[in-house]
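Taken in sequence, the protein lines are chains R and G.
In terms of the numbering used here, the first sequence is residues 351 to 625.
In terms of the numbering used here, the second sequence is residues 351 to 625.
Taking it in order: structure first as structure tokens, then the write-up.
Protein chains: 2
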Amino acid sequence: MNMTMNIKTGSDLRSLVRSGKFNDQTAGQAPDFLQGNVVILPKEFASDFLQFCQNNPKPCPLIALSKPGESSLPELGENIDIRHDVPRYRIYHDGVLQEEVSDIETLWSDDLVTFVLGCSFTFEEALIRNGFSVRHIENKQNVPMFKCGIQTIKSGIFNGPLVVTMRPYKASDIPAVFDICAHYPHAHGTPVFWGNPADIGIDDLQKPDYGDPVFVAEDEVPVFWACGVTPQAAIERAKPRLCITHAPGHMLVTDVHSSKGIPPITGMQNFVENT
Amino acid sequence: MNMTMNIKTGSDLRSLVRSGKFNDQTAGQAPDFLQGNVVILPKEFASDFLQFCQNNPKPCPLIALSKPGESSLPELGENIDIRHDVPRYRIYHDGVLQEEVSDIETLWSDDLVTFVLGCSFTFEEALIRNGFSVRHIENKQNVPMFKCGIQTIKSGIFNGPLVVTMRPYKASDIPAVFDICAHYPHAHGTPVFWGNPADIGIDDLQKPDYGDPVFVAEDEVPVFWACGVTPQAAIERAKPRLCITHAPGHMLVTDVHSSKGIPPITGMQNFVENT
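As structure tokens, this is what we get:
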């Protein structure tokens with residue numbers, strides 16, 4: 351599949367994915383539509399993970415949640431089938447990555463629950479649209495990510511450090527950058543910190559835990575956002591027997607306009623046996 | 351003023367407050383309308399406090415933010431004047447409570463910024479409406495509040511422990527309670543923890559840091575929510591030269607229906623000098 355192809359809508363992109371004609375990263379595709387991180391867990395872990403997302407909305411902004419066994423996500427698009435519509439999936443057993451696949455129909459079962467979390471593409475596109483370039487995109491790099499010294503709020507079996515991304519900006523631009531991102535609380539929202547990385551337990555900006563190091567100029571300040579890798583780090587620690595996620599950059603592309611608000615998500619009662 | 355009087359709308363209540371005819375606690379008044387915690391700070395502290403709210407949306411759900419010197423809050427009601435419309439205010443100098451007053455016109459200045467944060471009345475009324483009684487309301491007590499072992503995300507000069515409230519429920523009721531509260535992310539939303547209080551650093555449920563101890567029956571589990579006293583505790587530590595808040599229980603009553611979603615709040619650019 352040609353990376354330069356320009357797909358306009360989430361629905362178009364998912365059709366191509368489902369028919370095997372698109373298996374690339376989704377950055378820049380269907381740019382007006384919300385893209386999401388995907389986490390699929392067996393029902394017995396769903397109540398703890400729902401609590402983890404609700405307790406830590408900056409790194410884990412929940413935009414949709416399925417009932418057990420339900421493969422559609424009607425809030426995000428009319429014909430979504432989560433078993434086929436993500437360009438690439440990762441399969442974890444006991445917290446360890448086992449393989450990457452392009453379809454999960456054979457793994458599907460009635461007790462699987464799908465969580466979709468907003469992702470940074472949404473605010474990055476808004477920053478660019480407003481004239482604030484994003485360094486790692488300019489440089490065709492991956493965003494640098496760091497396990498920082500801030501802890502998430504523990505929720506059942508899920509806990510661990512807040513993972514943050516870094517994008518450098520001039521100090522005078524930070525208020526405008528902050529206000530642009532404030533429009534997207536469902537996509538990590540405002541930066542959590544800017545200034546001396548050591549203040550949030552980051553020793554060396556040139557040695558990210560994930561992604562690529564990016565250049566920070568002398569007149570720039572490193573600005574840090576909560577990152578959707580945070581739940582992945584918590585899952586690796588919790589070691590559920592099975593977990594399926596999207597592969598990095600290969601997101602679920604939805605039919606929801608990026609600027610639309612996301613209604614509150616409920617569903618705890620679907621994960622607990624009636625007593 | 352008679353506590354038993356039933357005022358239907360936020361606008362009606364604020365008229366009574368403004369004319370000096372109502373200076374009581376606002377619980378149960380204008381029950382369909384959002385009530386808010388009020389924090390007023392000089393502009394030089396506003397950027398740090400905005401960051402604190404955005405970083406800690408569970409204890410500090412921002413529902414409105416003014417420009418410096420602006421005493422209206424058009425998003426929350428057509429004719430709100432924050433200098434007159436709160437039944438009782440608290441004045442802090444250098445983090446120390448100095449006095450309680452019923453009007454702040456004489457203290458007002460062009461550099462004051464008003465923050466309004468959602469409050470627990472909203473989800474408590476929803477719980478009661480759905481048949482889940484709230485123990486401290488049943489017992490005509492104040493909700494018990496605890497400084498717990500979870501830390502907020504430090505933001506400029508503001509930091510400190512998460513303050514939580516406790517309401518006991520039967521274990522089998524917790525999923526329904528969780529889902530009801532999930533509808534109100536602008537009012538602390540879902541509980542952050544339930545189970546053994548020691549797991550979040552609370553030694554003795556019968557010795558709350560604020561409010562009254564309440565009875566937990568043998569077949570009940572203590573359930574904890576993030577609390578709007580969290581920012582007050584952070585303000586006491588940060589010691590800004592001036593801070594004005596509502597007095598506990600004496601909230602700003604708005605014209606916004608409790609079930610309505612709150613659009614994202616921006617405003618950082620109003621607090622930083624142009625460079």
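Note that CB positions come from ideal geometry on N, CA and C, so glycine has one too.
Status (buried if at least 16 other CB within 10 Å, exposed otherwise) for residue i
i: residue 551(G); result: exposed
i: residue 360(G); result: buried
i: residue 401(G); result: buried
i: residue 490(R); result: exposed
i: residue 567(G); result: exposed
i: residue 480(G); result: exposed
i: residue 438(G); result: buried
i: residue 474(R); result: buried
i: residue 553(G); result: exposed
i: residue 379(G); result: buried
i: residue 483(R); result: exposed
i: residue 580(G); result: buried
i: residue 395(G); result: buried
i: residue 613(R); result: exposed
i: residue 443(R); result: exposed
Backbone CA spacing between residue i and residue j [nearest angstrom]
i: residue 463(R); j: residue 414(R); result: 11 Å
i: residue 618(G); j: residue 524(R); result: 9 Å
i: residue 505(R); j: residue 369(G); result: 47 Å
i: residue 351(R); j: residue 371(R); result: For residue 351(R), the predicted structure reports a pLDDT of 47, less than 50, and the residue's modelled location is therefore unreliable. A value from the coordinates is still provided. Cα to Cα, the separation comes out at about 6 Å.
i: residue 625(G); j: residue 570(R); result: Summary for residue 625(G): the model assigns pLDDT 45, below 50, so the residue's position carries little reliability; its value from the coordinates is reported in the next sentence. One C-alpha to the other measures close to 14 Å.
i: residue 496(G); j: residue 356(R); result: 53 Å
i: residue 507(G); j: residue 593(G); result: 14 Å
i: residue 589(G); j: residue 583(G); result: 10 Å
i: residue 392(G); j: residue 477(G); result: 36 Å
i: residue 608(G); j: residue 548(R); result: 41 Å
i: residue 425(R); j: residue 532(R); result: 22 Å
i: residue 445(G); j: residue 470(G); result: 24 Å
i: residue 492(R); j: residue 486(R); result: 6 Å
i: residue 448(G); j: residue 436(G); result: 18 Å
i: residue 409(G); j: residue 404(R); result: 12 Å
i: residue 556(R); j: residue 572(R); result: 12 Å
i: residue 626(G); j: residue 358(R); result: Nothing in the structure corresponds to residue 626(G), since chain G is present only between 351 and 625.
i: residue 488(R); j: residue 456(R); result: 39 Å
i: residue 586(G); j: residue 577(G); result: 15 Å
i: residue 376(R); j: residue 432(R); result: 16 Å
i: residue 559(R); j: residue 529(R); result: 28 Å
i: residue 615(G); j: residue 363(G); result: 25 Å
i: residue 472(G); j: residue 541(G); result: 14 Å
First and last residue of the uninterrupted beta strand (DSSP E) at residue i
i: residue 387(R); result: 383 to 392
i: residue 496(R); result: 495 to 501
i: residue 605(G); result: 602 to 607
i: residue 524(G); result: No beta strand (DSSP E) contains residue 524(G), which is instead part of the alpha helix (DSSP H) from 524 to 532.
Member of the options whose CA lies at the smallest distance from the CA of residue i
i: residue 419(G); options: 445(G), 460(G) and 390(G); result: 460(G)
i: residue 591(G); options: 441(G), 611(G) and 453(G); result: 441(G)
i: residue 606(G); options: 386(G), 365(G) and 582(G); result: 386(G)
i: residue 522(G); options: 622(R), 450(R) and 367(R); result: 622(R)
i: residue 526(G); options: 458(R), 396(R), 620(R) and 373(R); result: 620(R)
i: residue 467(G); options: 539(G), 588(G) and 544(G); result: 539(G)
i: residue 543(R); options: 516(R), 520(R), 478(R) and 399(R); result: 516(R)
i: residue 389(R); options: 474(R), 365(R) and 598(R); result: 598(R)
i: residue 365(R); options: 395(R), 430(R), 378(R) and 399(R); result: 430(R)
i: residue 383(G); options: 612(G), 611(G) and 603(G); result: 603(G)
i: residue 545(G); options: 556(G), 518(G) and 536(G); result: 518(G)
i: residue 374(G); options: 601(G), 574(G) and 410(G); result: 601(G)
i: residue 502(R); options: 465(R), 399(R), 613(R) and 458(R); result: 399(R)
i: residue 453(G); options: 428(G), 421(G), 615(G) and 443(G); result: 421(G)
i: residue 458(R); options: 610(R), 595(R), 616(R) and 615(R); result: 595(R)
i: residue 534(R); options: 510(R), 451(R), 611(R) and 561(R); result: 611(R)
i: residue 561(R); options: 494(R), 472(R), 465(R) and 434(R); result: 494(R)
Boundaries (first-last residue) of the alpha helix (DSSP H) holding residue i
i: residue 364(R); result: 360 to 368
i: residue 486(R); result: 485 to 488
i: residue 473(R); result: 471 to 479
Residues sharing a beta bridge with residue i, DSSP
i: residue 627(G); result: This structure gives no information on residue 627(G), because the portion of chain G shown stretches from 351 to 625.
i: residue 423(R); result: Answer is none; residue 423(R) lacks a bridge partner.
i: residue 515(R); result: 495(R) and 575(R)
i: residue 544(G); result: 573(G)
i: residue 414(G); result: 466(G)
i: residue 520(R); result: 570(R)
i: residue 508(R); result: 505(R)
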